[in-house]
Every structure is written in C-alpha cells, then in structure tokens.
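Following the numbering used here, the numbering of the sequence shown begins with 95 at its first residue and continues without gaps. The C-beta atom is built at its ideal place from N, Cα and C for all residues, glycine as well.
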Amino acid sequence: MARSPFVPMKGQEQQEAEAAVLLVHSQVRRIKREDEEVRERLLKLRLLETRPTGAVCDPVAWRASRSLSPLRRAGNGGIPVGD
95 MARSPFVPMK GQEQQEAEAA VLLVHSQVRR IKREDEEVRE RLLKLRLLET RPTGAVCDPV
155 AWRASRSLSP LRRAGNGGIP VGD
C-alpha cells in the first residue's frame, strides 16, 4: 500500500527508511570508486599541463629555454671562441 508523503512516519518506520537508504550495492560502490579515480587522474593531468603562473615571458622563449640539445645539457650554455 502506498503511503502519502504528507502523513508523518512513525519512529520505527523512519529508522527503517533511513537504514534502507544507507544500503549501497557493491557495483554502485565500485563505479563510484572508479569515477573518483578517474577524476583524480584528470586533475593530476590538468595540473601537469598548467604553466607556471609567475612566468610572464614569451611562450616561445619559455620553450626554447628548455632545450634538450647536448650543449644545453652540458650546462655551460655556449662554446667559447677565441681568447
């Protein structure tokens, strides 16, 4: 028999209804857990893609400063010529 939403529940019925709401199927828990993991991965990827906020230089110059050439990796920045 359907109960009208305007009729107040008795204490026991209300406790049973609240307890029934807390029951969650294992597949629902698994889906929620996987969804949270995906959200965390996406957040990490977004953080990796963001550029430093303090740098106001030209994006081309920023990329050029991170060159992977052998001379750049050596750390001296250039080859001395002459005296």
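Query                                                                                                                              : Result
Using the Cα positions of threonine 144 and glutamate 131, report the straight-line distance between them to the nearest angstrom. : 20 Å
First and last residue of the alpha helix (DSSP H) that includes leucine 136?                                                      : 120-143
For glycine 105, name the three-state secondary structure that DSSP assigns.                                                       : helix
Rounded to the nearest angstrom, what separates lysine 104 and serine 120 at their Cα positions?                                   : 30 Å
If you draw a straight line from the alpha carbon of leucine 179 to that of glutamine 108, how long is it in whole angstroms?      : Nothing can be reported for residue 179, as the shown portion of the chain is limited to 95 through 177.
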